[in-house]
DNA sequence: GCCAACGTTGGC
DNA sequence: GCCAACGTTGGC
């Protein structure tokens, strides 16, 4: 199993909205970036991911699971763009802020820090475990 | 609201 | 195929 990070502006699609979708999950639509798309194509059902709120709050708020493999993005007719479905697994008891991440030497290599603009990114097993611990799990 | 970083587009 | 111009993202 691999680990990922999904970034969303809460004003556009928030963790609460994701939770409200329940176990069925929801398409992670709208990605129009090849790198991010390619990561989604690599995902498998059952892979886990962090749900990150960008812009206003800048923190990892929850954990999601890939519930459907890569398929065409239903919000466009452009065949280039695919997406996966994800469902909420659980909220982090204590959201982990970007500030905390930047202040943690072990997390200095996270894509979130090094390439802040990438909206779908891989997370290493070590990073995953540490962020979970920081988040109170 | 500003601006740096970065991806994409299009002229040559 | 290069590179300048432009648009978008996201941290601050």
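In the UniProt record's numbering, the protein residues as written are 1 to 137. We treat Cβ as the ideally placed atom computed from N, Cα and C, and that holds for glycine. Since we're looking at a predicted model, the values are computed, not measured.
Can you name, in chain order, every residue of its own chain whose Cβ lies under 8 Å from the Cβ of residue i, other than the five neighbours on each side?
i          : result
residue 81 : 31, 32, 37, 72, 73
residue 61 : 15, 51, 52, 53, 91, 92, 95
residue 69 : 43, 44, 45, 84
residue 6  : 28, 49, 50, 51, 52, 64, 86, 119, 120
residue 22 : 87, 88
Return helix, strand or coil for residue i, following the three-state DSSP convention.
i           : result
residue 112 : helix
residue 118 : coil
residue 5   : strand
residue 130 : helix
Looking only at its own chain, which residues have a Cβ that is under 7 Å from the Cβ of residue i, when we skip the five neighbours before and after it?
i          : result
residue 58 : 97, 98
residue 19 : 88
residue 35 : 118
Kindly list the residues whose CB is nearer than 6 Å to the CB of residue i, restricted to its own chain and excluding five residues on each side of it in sequence; keep chain order.
i          : result
residue 25 : 67, 85, 86, 87
Going by beta-carbon coordinates alone, are residue i and residue j separated by less than 8 Å?
i           : j           : result
residue 41  : residue 63  : no
residue 27  : residue 46  : no
residue 123 : residue 4   : yes
residue 126 : residue 110 : no
residue 106 : residue 130 : yes
Run through the DSSP bridge pairs and tell me what residue i is partnered with.
i           : result
residue 104 : Bridge partners of residue 104: none, in fact.
residue 97  : 59
residue 123 : 3
Item to complete: May I have a chain-ordered list of the alpha helix (DSSP H) segments no shorter than 4 residues that lie completely inside the stretch 8-92?
Response: 15-20, 34-42
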